[in-house]
């Protein structure tokens with residue numbers, strides 16, 4: 053069995069964040085979804101839970117079609133053990149011309165799938181106050 057090394061996993065997550073943003077910027081939903089485990093789920097703000105590659109692809113493809121062009125992810129904490137790793141961090145969404153439209157925080161649970169660390173559960177919330185519905 054491979055030795056658990058949290059520093060290596062932190063580096064893997066950092067590299068994953070870069071690729072995640074690059075794949076989103078290309079509008080490549082299939083490459084983008086590869087960052088998630090096959091049984092991965094996302095918990096987006098103001099949407100129901102979505103699980104599986106097709107649902108995750110569809111959600112992020114919709115965000116791209118709405119004009120989101122880049123996602124910047126920053127890890128603040130990474131902790132865990134050989135089965136699951138938990139990451140907390142911040143995100144920022146950008147549209148054309150590098151204009152920021154949203155900032156918030158996230159929690160991701162990572163697990164190994166085929167010797168790669170993949171996002172298993174991903175939840176995020178905006179720091180921008182919701183507009184009144186009235």
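Numbering (the numbering used here), first residue to last: 53 to 186.
The beta-carbon is built from N, C-alpha and C at its ideal position, and this holds for glycine as well.
Sequence-distant residues of its chain with Cβ nearer than 8 Å to residue i (five each side left out)
i: residue 112; result: 76, 81, 84, 85
i: residue 180; result: 154, 155, 156
Pairwise C-alpha distance: residue j and residue i
i: residue 114; j: residue 78; result: 14 Å
i: residue 130; j: residue 166; result: 21 Å
i: residue 146; j: residue 122; result: 5 Å
i: residue 134; j: residue 119; result: 38 Å
i: residue 186; j: residue 148; result: 30 Å
i: residue 60; j: residue 74; result: 21 Å
i: residue 183; j: residue 164; result: 39 Å
i: residue 68; j: residue 58; result: 15 Å
Own chain partners of residue i with C-beta closer than 6 Å, once the 5 adjacent residues on each side are dropped
i: residue 173; result: 93, 161
i: residue 116; result: 79
i: residue 138; result: 131, 132, 161
i: residue 151; result: none
i: residue 105; result: 85
Closest by C-alpha distance to residue i, when choosing among the options
i: residue 178; options: 105, 148, 168, 144; result: 144
i: residue 141; options: 148, 65, 168, 183; result: 65
i: residue 56; options: 117, 136, 155, 151; result: 136
i: residue 95; options: 170, 164, 159; result: 159
i: residue 90; options: 168, 119, 150; result: 168
i: residue 176; options: 156, 185, 164; result: 156
i: residue 72; options: 107, 170, 148; result: 170
Cutoff 8 Å: residue i Cβ touching any chain D Cβ
i: residue 186; result: Of the chains in the structure shown, none is chain D; there is only one protein chain.
Proximal residues to residue i (C-beta, below 7 Å), its chain only, five neighbours per side dropped
i: residue 108; result: 85, 88, 92, 94, 102
- request: Just list the beta strand (DSSP E) runs in the region 85 to 132, keeping only unbroken ones of 3 residues or longer that don't cross its boundaries, in chain order.
  value: 88 to 95, 122 to 132
task: Take every Cβ of the region 126 to 144, pair it with every Cβ of the region 98 to 110, and state whether three or more of those distances are shorter than 8 Å.
output: no
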